[in-house]
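Protein chains in written order, with the numbering used here: chain A, 62 to 337; chain B, 150 to 489. Glycine residues also receive a C-beta, built at the ideal position from the N, C-alpha and C atoms. Note that the structure is a prediction, hence the values are computed from the model and not measured. Input: a single structure, listed below in structure tokens.
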């Protein structure tokens with residue numbers, strides 16, 4: 062019985078000056094997984110390998126039991142939907158933009174959307190709360206609203222796996238929480254598998270049930286947030302002094318940072334205590 | 150039925166009516182003016198009258214060529230702009246006009262048109278543009294993949310080489326040949342060979358139909374190449390095929406009618422301003438508007454200093470440019486207002 066939606070085996074890929082190697086990842090069906098790691102650690106390279114934008118050198122990526130490399134672009138788009146970091150849609154109305162998620166299901170000769178296409182896109186626009194700006198242009202929306210529209214478009218592809226590249230990176234805390242709540246709801250109510258690259262360790266901890274910590278082109282550790290977000294791992298990878306404690310509300314690990322000033326004060330205090 | 154589709158049908162019917170009106174206008178105006186209504190009765194009666202000869206031998210072929218070339222050039226323009234996602238691209242950007250001109254200039258300099266016959270000029274023009282298309286395509290394709298930016302740059306460079314070589318030819322050739330080259334470059338809808346006109350017309354319409362096979366990839370490419378790939382579009386194949394289709398179309402037009410500028414740049418932009426960015430409406434509306442624009446420009450070119458005739462490229466440039474600037478200032482005024 063295979064319950065893995067995405068399984069990456071001994072993946073090696075990258076650019077002449079930067080390589081990912083020995084990557085093994087298994088994402089279970091219905092899970093909400095996060096890829097974390099410092100800038101330049103290989104998160105986006107890994108993401109691009111999974112989305113098929115970047116060729117792979119060795120190893121393989123399986124979607125369910127199908128090899129991603131041999132899957133046609135159309136079938137791939139029916140199974141994996143991708144929300145990129147930057148959304149450039151310009152002068153397209155929000156509804157037209159979301160409807161583009163139906164393209165993988167259209168034949169070359171179907172020039173008009175079917176009633177079903179409109180129904181499906183409407184459903185996901187309502188779910189993401191974007192139906193109210195359906196006639197506005199994408200360029201007229203704020204960053205958070207564009208991100209929601211992009212998620213609606215991705216859902217309209219009716220994928221089994223939703224991939225997101227830093228969906229909350231330019232947003233304020235209201236929109237960050239709103240977008241992640243929408244994703245969590247989709248994950249729990251519809252059983253949609255989610256894999257996202259995310260920078261914010263605390264958001265990753267709160268929302269993901271599984272984290273993959275990437276560093277220097279390799280996987281440093283993967284597991285539950287409790288296993289991954291220990292201060293040792295974070296200090297190893299990010300070269301920053303932190304303290305982790307559990308969030309009093311959710312019980313999930315939360316990461317607190319220590320500024321240089323605070324560290325100095327602590328050191329002085331400890332030195333004073335030793336003197337006494 | 151969606152509101153959007155009804156709107157499109159309205160636009161298209163409007164454009165069709167305009168096209169018919171400009172065709173009738175073009176048939177009736179000239180050295181000998183014919184009444185709008187008379188045209189039909191002259192055509193029905195047929196043969197003997199002088200009016201019939203003027204219509205069937207001069208004006209109808211000219212209008213047909215205008216429809217074909219105008220439609221084909223602006224279709225090529227909108228296709229290339231869609232693929233390159235660059236508003237400055239037009240059918241001639243990639244060196245197609247340069248290649249065709251060079252081919253024709255060579256044919257004239259070597260006197261081939263006197264040796265073999267005047268049909269050699271369009272053939273040479275097409276050969277020149279085809280050579281350029283082939284060069285741009287092979288240089289910018291690597292392992293079956295194309296890089297759009299490389300392709301654009303390659304095209305622009307090859308275009309420079311071709312037009313400079315042509316200038317070299319013009320500098321060293323006799324003044325009689327020079328006159329022939331310049332006359333050809335300026336472009337004209339006056340084509341003596343009727344079968345060439347029919348071939349162009351059929352090719353233009355077939356290309357319009359063919360272009361609709363790429364309408365979904367074109368729509369997806371509005372989001373960028375990478376995101377189009379994410380939507381399951383085979384972008385490499387799409388880019389290559391559209392490039393070939395649009396270039397061949399432009400090559401045929403240049404070979405038959407010379408270098409008629411601005412149509413392939415202005416009309417696609419105008420359509421975007423009017424109808425938005427959905428290629429389902431843009432492709433056909435660009436074709437129809439290009440036809441209307443060229444037929445009307447030809448009317449102006451023929452009548453403004455009658456009985457002499459201005460090069461049609463002059464009219465398309467001046468009239469088209471001014472109309473476009475007016476439209477754009479109105480549109481930017483509108484967006485300014487919308488943005489607060």
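Going by DSSP, which residues form a beta bridge with residue i?
| i | result |
| --- | --- |
| residue 279(A) | 276(A) |
| residue 128(A) | 123(A) |
| residue 284(A) | 272(A) |
| residue 72(A) | 84(A) |
| residue 305(A) | 316(A) |
| residue 94(A) | 256(A) and 271(A) |
| residue 180(B) | For residue 180(B), which the question treats as bridged, DSSP gives no partner whatsoever. |
| residue 142(A) | 223(A) |
| residue 65(A) | 89(A) |
To the nearest angstrom, report how far apart residue i and residue j are at their CA atoms.
| i | j | result |
| --- | --- | --- |
| residue 488(B) | residue 158(B) | Only weak support is given to the placement of residue 488(B): the predicted model assigns it a pLDDT of 46, under 50, and the question is left unresolved by the model. |
| residue 368(B) | residue 248(B) | 30 Å |
| residue 328(B) | residue 347(B) | 28 Å |
| residue 167(A) | residue 217(A) | 13 Å |
| residue 465(B) | residue 217(B) | 16 Å |
| residue 300(B) | residue 105(A) | 27 Å |
| residue 178(A) | residue 170(A) | 15 Å |
| residue 91(A) | residue 248(A) | 7 Å |
| residue 282(B) | residue 290(B) | 12 Å |
| residue 317(B) | residue 210(B) | 35 Å |
| residue 111(A) | residue 397(B) | 37 Å |
| residue 62(A) | residue 71(A) | Below a pLDDT of 50, predicted positions are generally treated as unreliable, and residue 62(A), at 42, falls in that range; the measurement from the model is reported next regardless. Each residue's Cα considered, the two are about 21 Å apart. |
| residue 130(A) | residue 307(A) | 41 Å |
| residue 133(A) | residue 420(B) | 34 Å |
| residue 406(B) | residue 449(B) | 17 Å |
| residue 245(A) | residue 136(A) | 25 Å |
Is the CB of residue i under 8 Å away from at least one CB in chain A?
| i | result |
| --- | --- |
| residue 380(B) | yes |
| residue 385(B) | no |
| residue 376(B) | yes |
| residue 292(B) | no |
| residue 428(B) | no |
| residue 233(B) | no |
| residue 160(B) | no |
| residue 247(B) | no |
| residue 371(B) | yes |
| residue 364(B) | yes |
| residue 296(B) | no |
| residue 368(B) | yes |
| residue 347(B) | no |
| residue 425(B) | yes |
| residue 286(B) | no |
| residue 489(B) | The pLDDT assigned to residue 489(B) is 38, lower than 50, so where the model puts this residue is not dependable; a value taken from the coordinates is nonetheless given after this. Output row for residue 489(B): interface = no. |
Would residue i pass as an interface residue toward chain B - the criterion being a Cβ-Cβ separation below 8 Å?
| i | result |
| --- | --- |
| residue 167(A) | yes |
| residue 137(A) | yes |
| residue 152(A) | yes |
| residue 149(A) | yes |
| residue 161(A) | yes |
| residue 191(A) | no |
| residue 114(A) | yes |
| residue 194(A) | no |
| residue 307(A) | no |
| residue 228(A) | no |
| residue 69(A) | no |
| residue 64(A) | no |
| residue 164(A) | yes |
| residue 79(A) | no |
| residue 143(A) | yes |
| residue 93(A) | no |
| residue 314(A) | no |
Under 8 Å by Cβ, that's how I've got residue i and residue j pegged, so tell me the actual separation to the nearest angstrom.
| i | j | result |
| --- | --- | --- |
| residue 224(B) | residue 356(B) | 6 Å |
| residue 274(B) | residue 404(B) | 4 Å |
| residue 99(A) | residue 333(A) | Contact flag wrong, Cβ pair sits at about 35 Å. |
| residue 265(A) | residue 272(A) | 6 Å |
| residue 208(A) | residue 154(A) | Not confirmed; about 17 Å, so no contact. |
| residue 252(B) | residue 277(B) | 2 Å |
| residue 385(B) | residue 294(B) | 5 Å |
| residue 417(B) | residue 226(B) | 4 Å |
| residue 314(A) | residue 286(A) | 6 Å |
TODO: Could you tell me which uninterrupted alpha helix (DSSP H) segments, each at least 4 residues in length, are contained entirely in the segment 235-264 of chain A, listed from first to last along the chain?
DONE: Qualifying alpha helix (DSSP H) stretches: none in this window.
TODO: Only counting runs of 4 or more residues, tell me where the alpha helix (DSSP H) segments fall wholly within the segment 253-331 of chain B, in order along the chain.
DONE: Here the runs fully enclosed are 261-264, 269-289 and 297-321.
Open item on the list: List, from N- to C-terminal side, the alpha helix (DSSP H) runs of 4 residues or more that fit wholly inside the segment 338-391 of chain B.
Closed with: Those alpha helix (DSSP H) runs which fall completely within the segment 338-391 of chain B and span 4+ residues are 343-360, 364-370 and 374-379.
Open item on the list: Could you tell me which whole beta strand (DSSP E) segments of length 3 or greater appear in the segment 191-239 of chain B?
Closed with: Taking 3 residues as the shortest admissible run, the segment 191-239 of chain B contains no complete beta strand (DSSP E) segment at all.
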